[in-house]
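Chains as they are written, first to last, in this note's numbering: chain Y, -15 to 269; chain U, 43 to 213.
Everything below concerns the one structure shown next.
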Ligand SMILES: Cc1cc2nc3c(=O)[nH]c(=O)nc-3n(C[C@H](O)[C@H](O)[C@H](O)COP(=O)(O)OP(=O)(O)OC[C@H]3O[C@@H](n4cnc5c(N)ncnc54)[C@H](O)[C@@H]3O)c2cc1C
Ligand code: FES
Ligand code: FES
């Protein structure tokens, strides 16, 4: 469990980190280290250099405002869980975070790291999609943003360039009257999502669904929106019958993976069941 | 003849472990757990896996419960670290250590240092945990011997004891 040799640089600023990445094409960003270091120990990753962004103060800030939230890329899961403003406006975050890995992973893992790593069984990838977030990114050519819908490409693959750094996760204010939630079937050994479903619903006083963003993780090669379910709900009155019938088709058309622990059929079943559960609670039924 | 690969330079780190300051040279790739065990001789912190899953290596780094196999020693430059060796004060066991003793919370003892460090962290955050909360917060610590029952009792014992003395964080 000794990683291969690498040079280590502790970045003092985002610009410093970008410059280091530019000068060292085989360098990788080190954030919470809870995906990268395990991969390095197993020598699945062998970067020639690491730039540690952990001590760049500005990347840790969490700012919650009426029109949305800005969460620094280095905010850890526990920083987010313990933020009262986040818990009030985006209760789906502490709910999902409680299900991530274990106490030590939650203490060091970061929101930015989870999105950059894009593990197909990560939790916050689906939550980020359901919340319709975007990431603020800085690279050698300046700043840009990437919308949740444009970030994930495939297993561990995103549209982020290798010389770019995520600086923050930006979340819009949720709909005025909303319900949100996350349901997960965790792998009993690894804790990762076999299937996880995140949902954010906006509805009127009479429970007519005005907006729905629902995303799956674990079942597919990347976190993916369940657009069929979203369409089945939008404009309709949220009832137990509607939720049941929409959730019953949640896995239709998905390219679902199977493995030794959970076959394709079993994962498809979990997608439907967990979608029904999360919608039932998010809609307050 | 092929050139020898460029040697990666060691880096100097200064950190406090169990109240004692150390200045040491480390290779960047040295994991904190190996630094503690091999360079400082603090072998109470164990290595139980290759995959960051077992928790035998848990220590406290700047108040954060940490798997020391999933952090490089260079990342701990400037940090304050507490390991299992630093938990007892003036010869008196920490209430969690006492709990493991009294409730028979260990058999082979391999997982115990990490289990105790995680339990201390959990009680700091939540001085009166339910059984379910104890089990949830200890999910990152694997024990192959006890079946966890007595570990839960050990933590409950410590919670009661710390509650009685009115010191929720007796560290
Ligand atoms: C035992 C265990 C169990 C786990 N269980 C779960 C689980 O149940 N659910 C779950 O979602 N995750 C789980 N994880 C993974 C954990 O959440 C990781 O912390 C997370 O995936 C990566 O975040 P990090 O900050 O640790 O990133 P790192 O490991 O530091 O980095 C991961 C990758 O992202 C890149 N990167 C990181 N930050 C940035 C940035 N700001 N800009 C650009 N690139 C960046 C790095 O270069 C690297 O390639 C588990 C991990 C362990 C060890
Ligand atoms: S040695 Fe197993 S988690 Fe650190
Ligand atoms: S006491 Fe043997 S592994 Fe826990």
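Backbone N, C-alpha and C define an ideal beta-carbon position, used for all residues, glycine too.
The Cβ of residue 107 of chain U sits closer than 8 angstroms to at least one Cβ of chain Y. Per the coordinates, the alpha-carbon of residue 51 of chain Y lies some 14 angstroms from the alpha-carbon of residue 153 of chain Y.
Checking the 7 angstroms criterion, the Cβ of residue 217 of chain Y is out of range of every heavy atom belonging to ligand 3. Near chain Y, meaning a CB-to-CB distance below 8 angstroms, the residues of the segment 149 to 167 of chain U are 160, 163 and 164. In the three-state reduction of the DSSP assignment, residue 156 of chain U falls in the helix class. Against chain Y, a Cβ distance below 7 angstroms from residue 112 of chain U picks out 17, 18, 21 and 22. In this model, residue 153 of chain U and residue 138 of chain Y are separated by some 37 angstroms (Cα to Cα).
With a cutoff of 8 angstroms on beta-carbon distance, residue 159 of chain U and residue 126 of chain U are scored as near each other. In the three-state reduction of the DSSP assignment, residue 124 of chain Y falls in the coil class. Counting only runs of 4+ residues, the alpha helix (DSSP H) found wholly inside the segment 104 to 189 of chain Y occupies 108 to 114 and 132 to 135, in chain order. Shown in chain order are the residues whose CB sits closer than 5 angstroms to a heavy atom of ligand 3: U/148, U/149, U/150, U/152, U/153, U/185, U/186 and U/187. A buried status is given to residue 12 of chain Y, since no fewer than 16 other beta-carbon atoms sit within 10 Å of its beta-carbon. When the alpha-carbon of residue 134 of chain Y is set against those of Y/109, Y/125, Y/185 and Y/127, the nearest one is in Y/109. In the structure shown, the three-state DSSP call for residue 221 of chain Y is strand. When C-beta distances to chain U are compared with 9 angstroms, the residues of the segment 160 to 178 of chain Y below that value are 173, 174 and 175, in chain order. Here the segment 249 to 269 of chain Y lies against the segment 146 to 166 of chain Y, with 3 or more beta-carbon pairs under 8 angstroms apart. Here residue 71 of chain U carries a coil assignment [DSSP, helix/strand/coil]. Residue 91 of chain Y reaches chain U at 106, 107 and 108, counting residues in chain order whose Cβ is nearer than 7 angstroms. Under the three-pair Cβ rule at 8 angstroms, the segment 71 to 81 of chain U counts as touching the segment 108 to 116 of chain U. Boundaries of the beta strand (DSSP E) harbouring residue 34 of chain Y: 33 to 36, taken from the DSSP string. Here residue 169 of chain U really is in contact with residue 201 of chain U; their C-beta atoms are around 6 angstroms apart, less than 8 angstroms. For residue 64 of chain Y, the uninterrupted alpha helix (DSSP H) run begins and ends at 61 to 65, by DSSP.
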